[in-house]
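These protein sequences, in sequence, are chains A and B.
With our numbering as the guide, the letters of the first sequence map in order to residues 49 to 332.
With our numbering as the guide, the letters of the second sequence map in order to residues 263 to 591.
Using N, Cα and C, we set each Cβ at its ideal position, and we do this for glycine too.
Structure, as structure tokens:
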Amino acid sequence: MTGPLRVGPSHVERTRGPVRPATLPRLWSGARMLEVQSVSKSFDGFRAVDDVSFVVPAGSIVGLIGPNGAGKTTTFNLIAGTLQPTSGSIRLGGHPVEHEPAHRRIAAGLARTFQIPKPFGEMSVLENVLVAARSQPGERMLANLFARADVQRQEKANIARARDIVAFVDLARVERLPAKALSGGQRKLLELARVLMAEPKLILLDEPAAGVNPALLETIMARIETINRGGVTFLIIEHNMDLVARLCGEVIVMAEGRVLGRGAPQVMARDPRVVEAYLGGAAA
Amino acid sequence: MIDLLGYGAFFLVNALIFGVLCLGLNLQWGQTGLFNVGVAGFAAIGAYASAILTTPEAAERIGGFGWPILAGWLAAMLIAGAAAALVGLATLRLRADYLAMTTFGIAVTIQVVALNATALTGGPFGIAFIPRPFASLAETPIAFNAANLALTAAVVLGLFLVLETLTRSPWGRVLRAIREDEAAAASLGKSVNFYRLQAFAFGGAIMGLAGAMQAHFIGFIAPDNYLSILTFQVWAMLIVGGSGNNRGALIGAVVVWALWSLSSLAVGTFVAPAFQARAAALQIVAIGMALAVILLVRPRGLVGERATVSRDVEALHDEGAPAHEPVRD
């Protein structure tokens with residue numbers, strides 16, 4: 049589990065030219081990848097997230113489920129830094145990150161996808177993925193004018209890796225198309241490819257199965273498993289219980305901003321409090 | 263014939279200077295999505311900065327340092343760029359519509375300051391005797407205009423190449439990502455505000471350069487040059503030419519400036535002198551019509567269709583690199 053992962057060895061063998069293993073980061077040594085401690089978030093007095101605490105162990109795939117309005121996406125936004133918690137702390141690999149702006153959390157190994165995918169519509173699929181590369185001397189304006197050789201060397205390496213990742217998520221055939229041309233399911237795959245490019249240790253997936261046809265869903269689940277085997281931890285918001293049952297060793301159930309419980313998906317699905325929360329939510 | 267050539271050169275110098283303004287706006291709006299409606303303000307800062315620094319000493323106002331023209335241009339870029347950076351620090355966190363209102367207000371403020379800070383700007387009378395490049399040729403207009411055209415074209419070419427390099431680099435890719443979806447760009451580790459600030463400041467510097475170039479070519483500036491009609495013209499040029507495309511920015515500038523000049527000629531020729539001042543408003547109508555037609559017929563502008571692709575990615579495509587075999591499960 050600690051060795052570098054080749055993203056999809058099957059496709060690497062088919063790549064023409066030299067084999068380019070795309071490596072993913074090694075598993076973190078700390079057992080706790082993510083610790084959310086007494087985190088609350090209020091909007092104008094309404095507590096969308098109310099004293100939520102949980103731990104995501106390194107190397108696991110944990111589901112975050114609950115009825116609509118339970119505060120799952122708000123919790124994601126707090127972890128990712130899109131929102132600031134009203135109180136509480138968030139630790140990533142033992143380091144507090146709650147005061148870090150969103151754009152710095154990815155450097156700490158945290159990546160997220162969005163419930164409604166946010167592709168860079170006018171940019172090609174390949175360029176969407178390239179944006180996410182972490183090592184880019186060419187992102188400094190002047191380097192492009194005065195250190196072109198450096199920029200080009202890294203850019204070529206990034207392009208090679210981005211193409212591997214694009215192929216890994218089955219988007220190679222559309223890599224030159226603008227992202228706006230992709231279907232809903234392909235956009236989910238593109239989001240996954242983008243975060244992979246950033247070499248994350250923990251990936252937050254917000255409803256990866258929503259609006260995806262069964263064939264693509266199978267691809268998405270298989271890719272998540274492969275990435276996880278390479279040592280990447282996942283926290284997944286999902287309503288599709290097939291996906292949750294197959295991927296998640298454990299689920300955390302939220303309702304009305306609070307954590308109701310935690311356990312194996314099959315156990316939690318029968319938990320009376322959970323059943324009550326879903327039915328109560330449906331009745332309201 | 264000679265007259266016509268001379269006029270052609272004069273026309274192109276003016277059009278290309280507008281092209282520089284468009285290149286600045288294209289970096290801000292076309293690439294980064296920053297809704298700057300204060301173009302005239304940054305052009306004014308550049309024009310006044312360079313004029314104050316390069317004019318000979320004058321009794322009635324501060325300044326008149328007699329610097330060389332080139333130094334004036336560079337200072338114009340620096341000062342306009344710094345002004346844009348300051349404005350950017352204060353406003354770039356705002357949503358696009360608020361940014362538009364703020365930049366509009368700032369441009370109006372700059373124009374009013376130019377009008378009233380008489381000791382520095384000469385007030386409503388402006389600044390005259392701004393040194394002109396190739397002034398020694400002024401006796402023969404065609405030579406003067408041709409020399410200025412060569413100089414202006416060289417500056418535009420250099421700027422165009424720099425901007426093409428930048429927009430097709432990883433840096434430009436981040437700008438486009440921010441333009442497309444700011445939250446997604448931030449989630450991928452890009453400091454949205456920092457990149458916006460860079461694009462806004464550099465764009466402002468380019469607008470300042472254009473203001474200075476125009477001031478030196480004409481030799482005279484006054485606050486009336488920097489009313490919001492200037493901002494409108496530059497926006498029309500960029501949209502007609504093709505927002506997001508540096509070639510489009512330049513082509514739009516030439517096309518719209520041609521339309522503007524022709525409609526001015528038409529008003530002068532066909533409208534009775536007593537009504538000419540009022541008929542001048544028809545020029546704005548003409549530009550508005552052109553804008554409407556372009557938006558209907560070619561919504562992405564004359565040459566705006568081609569998506570910008572990073573240089574090394576495009577090289578890959580040009581090599582005809584085979585697409586990866588799709589993975590079959």
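- By the Cβ rule, the region 99-118 of chain A counts as touching the region 292-312 of chain A, because three or more pairs are nearer than 8 Å.
- Chain A places a beta carbon closer than 9 Å to that of B:W433, counting this residue as a contact.
- Under the criterion of beta carbons closer than 8 Å, B:N508 and B:F422 qualify as touching, at roughly 6 Å.
- Look at the region 67-146 of chain A and you find these whole runs of beta strand (DSSP E), each 3 residues long or longer: 80-91, 94-105, 109-113, 135-140.
- According to DSSP, A:P226 shares a beta bridge with A:S172.
- Leaving aside the five residues that flank A:R235 on each side, the residues in its chain whose CB is nearer than 6 Å to its CB run, in chain order, P165, P167.
- For B:E444, same chain residues with a beta-carbon under 7 Å away, outside a window of 5 residues either side, are V454 in chain order.
- Residue environment: B:M263 is assigned as exposed (fewer than 16 neighbouring CB atoms within 10 Å of its CB, all protein chains considered).
- Taken in chain order, the whole alpha helix (DSSP H) runs of length 4 or more contained in the region 148-219 of chain A are 150-153, 173-179, 191-194, 196-216.
- As DSSP reads the structure, B:F537 sits in no beta bridge.
- With a threshold of 16 other beta carbon atoms within 10 Å, A:I154 meets it and is buried.
- Beta-bridge pairing by DSSP links B:E401 to no other residue.
- At least one beta carbon of chain B lies nearer than 9 Å to the beta carbon of A:V179.
- The beta-carbon of B:T427 is placed less than 9 Å from the nearest beta-carbon of chain A.
- Under the Cβ criterion (8 Å, minimum of three pairs), the region 117-127 of chain A counts as touching the region 80-100 of chain A.
- Runs of the alpha helix (DSSP H) lying entirely within the region 343-419 of chain B and spanning at least 4 residues, in chain order: 358-378, 380-383.
- Identification of residues in the region 460-484 of chain B having a C-beta nearer than 7 Å to some C-beta of chain A yields Q460, given in sequence order.
- A:A156 sits away from A:G169, with the two beta carbons spaced by 9 Å or more.
- At a cut-off of 3 residues, not a single continuous stretch assigned as beta strand (DSSP E) sits fully inside the region 440-506 of chain B.
- Pairing A:L219 with B:H579, the inter-Cα distance amounts to about 16 Å.
- Contact check for B:N487 against B:G388 passes: the beta carbons are separated by less than 9 Å.
- Non-local C-beta neighbours of A:E203 in its own chain, meaning closer than 7 Å and more than five positions away in sequence, comprise G186, ordered along the chain.
- Every beta strand (DSSP E) stretch that sits fully inside the region 251-314 of chain A and reaches 3 residues is listed by chain position as 281-285, 298-303, 306-311.
- Within its own chain, the residues whose Cβ lies closer than 8 Å to the Cβ of B:L361, once the five positions on either side in sequence are excluded, are L296, F297, N298, T353, L354, listed in chain order.
- No residue range can be given for A:K249, since it is assigned to no alpha helix (DSSP H) and is classified by DSSP as neither H nor E.
- Residues of the region 281-299 of chain A with a C-beta atom less than 7 Å from some C-beta of chain B do not occur.
- Residues of chain A whose Cβ lies closer than 8 Å to the Cβ of B:V454 are, in chain order, H151.
- DSSP places B:W433 within a helical segment (H, G or I) once states are collapsed to three.
- The CB of B:V436 comes closer than 8 Å to the CB of V179, E187 in chain A, given here in chain order.
- When Cβ-Cβ separations below 9 Å define contact, A:F91 makes no contact with chain B.
- Pairing B:A369 with B:A306 gives a Cβ-Cβ distance under 9 Å.
- Shown here for B:G466: same chain residues with a beta carbon closer than 6 Å to its own, the five before and five after excluded, namely F304, A342, G343, A346 in chain order.
- Contact annotation: in the region 160-175 of chain A, residues whose CB is within less than 8 Å of a CB in chain B are R160, F162, K166, P167, F168, G169, E170, M171, S172, L174, E175.
- Collapsing the DSSP output to three states places B:L296 in coil.
- For A:R235, the secondary structure class from DSSP, reduced to helix, strand or coil, is helix.
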